[in-house]
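Colleague:
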């Protein structure tokens, strides 16, 4: 009895994706040269040996997957240069494939450039803030130094004035003290003379203490 013929190979659609009705025996569709499809039965293995299920995806579909994979994070193009080179050399056979490759690489490069630009802008803003703070601190320090000099000069002037006033006050106090001493002695002597003259006039005897 003759075995039934296997179904035709998967046919890419307009968007480069395999039709769901033609994927009845494939669990994993190959996305690169190192991927191997997994079959579900022995009959599928025979079809795979004949080359019906082992056909890779179209370059357009692989470029679409490559673009989606590289647009999800930054730096993929730089981390896998050999894969990109192999993809460009083996699979880009038409203008559409080149457009897809350019779109995928430009998307990754744009994300890298945007990330670098944002980091540079952050660093520049932080540097500007630091420079502004440094300038403000320098201006404040200069103002403080000026105020300190003015206060020091005023304190020195006040100290000199206080010293001069103290010296003048001491001199006046000493002169007043010496004058008081002389005046008191003279007053005491003149008072005793007046008392003696009154006693002699009124003949008042001296009383013993």
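Residue numbers (our numbering): 11 to 219.
Here a beta-carbon is modelled for each residue, glycine too, at the ideal position from N, C-alpha and C.
Since we're looking at a predicted model, the values are computed, not measured.
Where does residue 181 sit, in a helix, a strand or coil, going by DSSP?
Modeller: The answer is helix: DSSP assigns residue 181 an H, G or I state.
Colleague: Distance, Cα to Cα, residue 211 vs residue 196?
Modeller: Computed Cα separation, rounded: 23 Å.
Colleague: Are there 16 or more other CB atoms within 10 angstroms of the CB of residue 208, so buried, or fewer, so exposed?
Modeller: Exposed is the call here.
Colleague: Indicate the three-state DSSP secondary structure (helix, strand or coil) for residue 214 in the structure shown.
Modeller: Residue state, collapsed to three classes: coil.
Colleague: Have a look at residue 110 and residue 119 and give me their C-alpha separation to the nearest angstrom.
Modeller: About 14 Å.
Colleague: In whole angstroms, what separates the C-alpha of residue 224 from that of residue 185?
Modeller: Only positions 11 to 219 of the chain appear in this structure, which leaves residue 224 out of reach.
Colleague: When we look at the beta-carbon of residue 114 and count the other beta-carbons within 10 Å, is it buried (16 or more) or exposed?
Modeller: Buried, since its Cβ has 16 or more Cβ neighbours within 10 Å.
Colleague: Could you check the C-alpha separation between residue 170 and residue 148 for me, to the nearest Å?
Modeller: Taking the straight line joining both Cα atoms gives about 33 Å.
Colleague: Rounded to a whole number of angstroms, what is the C-alpha to C-alpha distance between residue 135 and residue 160?
Modeller: Roughly 37 Å separates the two Cα atoms.
Colleague: DSSP state of residue 104, grouped into three classes?
Modeller: Three-state DSSP puts residue 104 in coil, outside helix and strand.
Colleague: Please report the straight-line C-alpha distance between residue 178 and residue 158, rounded to a whole angstrom.
Modeller: Looking at the two C-alpha atoms, the distance is approximately 30 Å.
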